[in-house]
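In the numbering used here, the protein residues as written are 84 to 1000. Just so it is clear, CB atoms sit at the ideal spot from N, CA and C, and this is done for glycine as well. In this text, all values refer to a predicted model and were calculated from it rather than measured experimentally.
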Amino acid sequence: MTQPLAPQYDPTAFEAPLYRGWKERGYFQADAGVVLRGERQPYVIVIPPPNVTAVLHMGHGLNNTVQDVLIRWRRMQGRETLWVPGTDHAGIATQNVVERQLAAEGKTRYDLGREAFVERVWSWVRETGSTILRQLEAIGCSCDWTRTRFTLDPGLSRAVREVFVRLYEKGLIYRGNYIINWCPRCLTALSNEEAEGVETAGKLYHLRYPLAGPQPEGTRLPTLPDGRAYLVVATTRPETMLGDTAVAVHPDDARYRALVGREVELPLTGRRIPIVADEYVDREFGSGAVKITPAHDPNDFEVAQRHGLPALNVMTPEATMNENAPAEFRGLDRFEARRRVVDALAAAQLLERVEDHTHAVPHCYRCDTVVEPRLSEQWFVRMRPLAEPALAASREGRVRFTPQRWTKVYEDWLENIRDWCISRQLWWGHRIPVWYCRADGCGETIVAREDPTHCPRCGSASLEQDPDVLDTWFSSWLWPFSTLGWPDETEDLKAFYPTSTLVTAPEILFFWVARMIMAGLEFMGKEPFREVYLHGTVRDHLGRKMSKSLGNGIDPLAVVELYGADALRYTIVSQAGPGTDLYMNYEDIESTFAPGRNFANKVWNVGRFALLRIGDDAVPAVEDVKDSLELADRWILSRLSGAVRDVTRHLEAFRLHEAANTLYHFFWGEVADWYVELVKPRLAGEAGEASRAAARATVVEVLDQAFRLMHPVMPFVTEALWLRLPRPAGRSREESLVVARWPVPAPEREDAEAEAAMNALIELIGSVRGLRKEYDVPVSQELEVRLSNVSAALRGALEAEERAVRRLARVRDILVDGRAPEAKAGEGKAPGAHAVLRDGAEVFIPLAGVLDIEHERRRLHAEMERLSGLLRAVDGKLANEQFVTRAPESVVAREREKAQALRDQLERLSAKLAALS
RNA sequence: GGUCGCAUAGCUCAGCUGGUUAGAGCGCACGGUUCACAUCCGUGAGGUCGUAGGUUCGAAUCCUACUGCGACCACCA
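Here it is in structure tokens:
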């Protein structure tokens, strides 16, 4: 760490080596011992495990940057922090990827067979998997890599099995024939959450079902040309009519009452199906008659259950029409079958009409295929008993959501929870720990923690394991405790459960967050985390979600290579308000990340400046040079304390963007723009040794503290500089910012007077610069500034920093009130520019030969208009008796002062205006 | 259909408990070869805070309705 500082900010030169050093020194490793001995409070985050096949994208960038900011901040606050990293085996997603590879070789998974296929997935996962974890290192994530987990690890698999068995024994897991969401491409069942509704413009087909036999007395059904009466039913999926086993009407529907118990002839099939009465039917919708297809619609299935109707499955798993369909449709794809069925009905004059109909069509969340509801035998978790405690947890405030509005979404879902279909017809995942005895006449079902060898009932060794695997989320929902060693009672579990904060995206609130809370309460007796921070979505500049398929993504590693991890992180954090989406333009990476890059560059250069100018001799601590601190020193130390307070407050409330903004404005707008400028001559020794010592002490103190504050957001550049920053004489300091103490506000350094004085000074300099620009006075021409009506604050500031004002405002002389009687006497009539500062001080710059008097008059006039407007508003308020009596004292006082100041300013401006003409 | 969110400068957004002369970054205009930084410095233009009501002494901020956009949920076939 003793190489000279590069003149150019080049993050690639130091980021990776710094990270390696931190990791090697074990800074990221948590110690359960110190927590169990009560020496430190824990702060724990479990990572939302990315898919093992994933490659880092901006969404991960956001998610993990937020977690790292929180982890680093809490670590600096002295908490024993643990950030558990890991990956998810991602059943369908991973299987799909490997199946695609096979397809490229002209093979399917069936060609390999189950065992070889799973082995193939494993070898691919071992080979290229977990890339994303290494990528997290590149953006600085301080995970405890010694505790990396994978959902298919032996330990986690044991947890999965334990949970399955426990729930089964408790009667909360059952197997049954129900309508589930089926993906005909992935060839597996899906949970309700995995079937995503996509608004689709479709058609609503009205079909005519001829009544079998004559129309009863009193009913008025329309009739076909051949004289048969018919009912009209509506459907969006006409091909399913081939599997209809009834038509339902509402029991109280007078139109159809006489028909209940009769039959219709199901077109195209030659089958006769009954007309039943069920309250599920909405009389208002369509004709009030509904076709019932128990094998392909969940509601129809329930109706069928109530009426003892058979279920006729007319589709194969691939969603082609099966042998239950009439011969002419057999083997057709469902959409082709739809067209043919419609054509056939139309030809038979049984198609009443077709309407446009927009509705939400469920799609597979993995492959986007239209999901087919399908009757099949699956495993389910009974959710209601698990949901109740999870509901109580949020209602009693034991789990809090930020932003709060997600609480309602969470609670609504739990209140309307449906059972969870957990079996998947895949090969990649946790096998369901269920065996069936194949011995003649036995048929025992065995659910066990250990693989059984014999049937406990008949002793047969002829056992067959259930071929299915579990939903990926069945392992994810255990993540907060399975990663810590459960079901064993490990030290980690005792020290680090429950975890502290969960940081994730709202998209997986149901998939993951809610289920983790249920599992935590069920198996650990405690909610798995106290706070859930839900961040937004990363979108492109057109507002579209970044995605691989749209090709609108930004590779975070490309950004790291171009501008460094700190630039990436700052840019992300500065936009990451709770729950707000981030917009990034993939077509213009440079301007997207300019804020972060520029800020990191600024930090680098301020550091560079300080390190080059601070000198080699011992730097005193601020406390040791208290008496020689000057206005600028007291000001920046006061501002520093405020920054510490604000940044900490914002972090506590998850306002990461506000924390970032506070840092930006403090460091750039105050430290760099003003303090560093003011202190330059003093560091060079131009103001004597005491002044230099005070300046050096203050610079070191401010940078030390500022780097600490910025470290969670920008860990690399801060560490690179901080390590070289001189340590005040006689003071000890930590060996790295990673483990350095988080600053606390210093009320004793807060100095309202110094702030007022500096504010006035800053405004004065700005005003002189503005006037110079306005009147086009070249920088080369030095000015004279005459001030009057100067406040005590400004007077003090001028005494302290007159040289600085002259330098920064490019002013030759500053004449204040009595010190320049001739100025006072002549100022009104002399040509020159006027300005009035907020605290009432007047600025006058003589500009003989430059000033356009007409321009100045107009300017003064406009200024007076503006001030009069303000004054009218303030006077209006003060004239309002209600305001004066009801508003707080301090507010009224402030308004009075404002009015007085405005009046004074107006008066003086009008005198000037008069003098000009 | 239900629930929720958003609407502030050309763009992207801040504005935390109602009281500021409503802010930032990017973009724009103009001026800058000061030995930390042109990834910079300085100055400036640009806003009836979606519309209409209401509560209040006081509203960008709270309430209601409306308009527009978005998200989530939902069995109206």
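Neighbourhood of valine 821 by C-beta, 6 angstroms cutoff - its chain only, sequence neighbours within 5 removed: Counting only Cβ-Cβ distances below 6 angstroms, and skipping sequence neighbours, we find Trp105, Tyr110.
Could you check which residue in Ser674, Leu645, Ala701 has the C-alpha nearest to that of proline 94? Nearest option by C-alpha distance: Leu645.
Does the contact criterion of 3 or more C-beta pairs under 8 angstroms hold for the segment 586 to 605 versus the segment 145 to 158? Enough Cβ pairs lie closer than 8 angstroms, so yes.
In this structure, how does DSSP classify methionine 141 when only helix, strand and coil are distinguished? In the three-state reduction of the DSSP assignment, methionine 141 falls in the helix class, which pools H, G and I.
Please check the pair isoleucine 356 and valine 330, which I expect to be a contact at CB under 8 angstroms, by giving their CB distance rounded to whole angstroms. Yes, isoleucine 356 and valine 330 are in contact; Cβ-Cβ is about 7 angstroms, under 8 angstroms.
Please give me, in chain order, every unbroken run of the beta strand (DSSP E) with length at least 3 that falls completely inside the segment 580 to 622. DSSP runs (the beta strand (DSSP E)) wholly in the segment 580 to 622: 584 to 587, 614 to 617.
Neighbourhood of glutamine 988 by C-beta, 8 angstroms cutoff - its chain only, sequence neighbours within 5 removed: Excluding positions up to five away in sequence, the list reads Val919, Gly923, Leu950.
Check this for me: beta carbons of leucine 351 and phenylalanine 418, under 9 angstroms apart or not? For leucine 351 and phenylalanine 418, no; Cβs fall outside 9 angstroms.
Please confirm whether threonine 584 and isoleucine 128 have their CB atoms less than 9 angstroms apart. Their beta carbons are under 9 angstroms apart, which means threonine 584 touches isoleucine 128 by this criterion.
With a cut-off of 8 angstroms on the beta carbons, I'd call alanine 387 and isoleucine 375 a contact; round off their distance for me. Your pair alanine 387 and isoleucine 375 checks out as a contact, with CB atoms roughly 6 angstroms apart and the cut at 8 angstroms.
Thinking just about the alpha-carbon of each residue, which of Asp549, Ala272, Arg991 is nearest to the one in glutamate 401? The option with the nearest alpha carbon to glutamate 401 is Ala272.
Under 9 angstroms between the Cβ atoms of leucine 808 and valine 783? A contact, by the Cβ cut-off of 9 angstroms.
Taking all protein chains shown into account, do 16 or more other C-beta atoms lie within 10 angstroms of the C-beta of tyrosine 92, making it buried, or fewer, making it exposed? Counting every other CB atom within 10 Å of its CB across the protein chains shown gives tyrosine 92 a total of 16 or more, marking it as buried.
State the beta-bridge partners of glutamate 527 as determined by DSSP. Glutamate 527 is not bridged by DSSP to any residue.
Could you check the C-alpha separation between leucine 478 and proline 550 for me, to the nearest Å? According to the sequence displayed, residue 478 carries arginine and not leucine. Inter-residue distance for arginine 478 and proline 550 is about 40 angstroms (C-alpha atoms, whole angstroms).
In whole angstroms, give me the CA-to-CA distance for isoleucine 655 and tyrosine 616. Straight-line Cα distance between these residues: approximately 16 angstroms.
Suppose contacts are defined by Cβ-Cβ distances below 9 angstroms. Is isoleucine 515 in contact with serine 506 by that definition? Yes, the Cβ-Cβ distance between isoleucine 515 and serine 506 is below 9 angstroms.
Short of 8 angstroms in beta carbon distance, which residues of its chain neighbour serine 774, apart from the five on each side in sequence? Order them along the chain. Within its own chain, the residues whose Cβ lies closer than 8 angstroms to the Cβ of serine 774, once the five positions on either side in sequence are excluded, are Ser711, Glu713, Arg765, listed in chain order.
Host beta strand (DSSP E) of leucine 255 (start-end): Where leucine 255 is concerned, there is no enclosing beta strand (DSSP E), given that its DSSP letter is neither H nor E.
Proximity winner among Ile358, Tyr339, Ser871, Ala341, relative to glutamate 348 (alpha-carbon distances): It is Ile358.
Reducing DSSP to helix, strand and coil, say where alanine 903 ends up. Its pLDDT being 45, under 50, alanine 903 is placed unreliably by the model, and the measurement read from it follows with that caveat. The answer is coil: DSSP assigns alanine 903 none of H, G, I, E or B.
According to DSSP, methionine 404 sits in a beta bridge with which residue or residues? In the DSSP secondary-structure assignment, methionine 404 is bridged to Met398.
Rounded distance between the beta-carbons of tryptophan 207 and valine 181, thought under 8 angstroms: The Cβ separation is near 6 angstroms, so the contact holds.
Of the listed residues Arg209, Ser559, Val785, Ala522, nearest to proline 539 (C-alpha basis): Among Arg209, Ser559, Val785, Ala522, the Cα nearest to that of proline 539 belongs to Ala522.
Using only the alpha-carbon positions, how far apart do proline 33 and methionine 797 sit? With the chain represented from 84 up to 1000, any question about residue 33 goes unanswered, as that position is not in the structure.
Alpha carbon to alpha carbon, how far is isoleucine 637 from histidine 446? Straight-line Cα distance between these residues: approximately 26 angstroms.
Tell me the DSSP secondary structure of proline 297 in three-state form. In this structure, DSSP gives proline 297 a state outside helix and strand, which the three-state scheme calls coil.
Give me the Cα-Cα distance between histidine 172 and leucine 553, rounded to the nearest whole angstrom. Answer to the nearest angstrom: the Cα atoms are 11 angstroms apart.
Aspartate 439 lies in the beta strand (DSSP E); which residues open and close that run? For aspartate 439, the enclosing beta strand (DSSP E) stretches over residues 434 to 447.
Quick check: the segment 258 to 269 against the segment 455 to 463, are at least 3 beta-carbon pairs closer than 8 angstroms? Verdict: yes, contact present.
Beta strand (DSSP E) containing tryptophan 496: first to last residue? From DSSP, tryptophan 496 is part of no beta strand (DSSP E) but of the alpha helix (DSSP H) over 489 to 498.
Starting from the Cα of threonine 452, find the closest Cα among Glu252, Glu533, Cys269 and give me that residue. For the residues Glu252, Glu533, Cys269, the minimum Cα distance to threonine 452 belongs to Cys269.
Drop a sphere of 10 angstroms on the beta-carbon of proline 456, count the other beta-carbons inside from all chains shown, and report buried for 16 or more, exposed for fewer. Classification of proline 456: buried, given that the 10 Å Cβ count is 16 or more.
Taking only runs of the beta strand (DSSP E) that begin and end inside the segment 330 to 395, which ones reach a length of at least 3 residues, in chain order? Runs found: 346 to 349, 354 to 360, 372 to 375.
Where does asparagine 668 fall in DSSP's three states? Coil at asparagine 668, not helix or strand.
Taking a contact to mean a Cβ-Cβ separation below 9 angstroms, would you say tryptophan 510 touches valine 204 in this structure? Remark: C-beta atoms of tryptophan 510 and valine 204 approach each other more closely than 9 angstroms.
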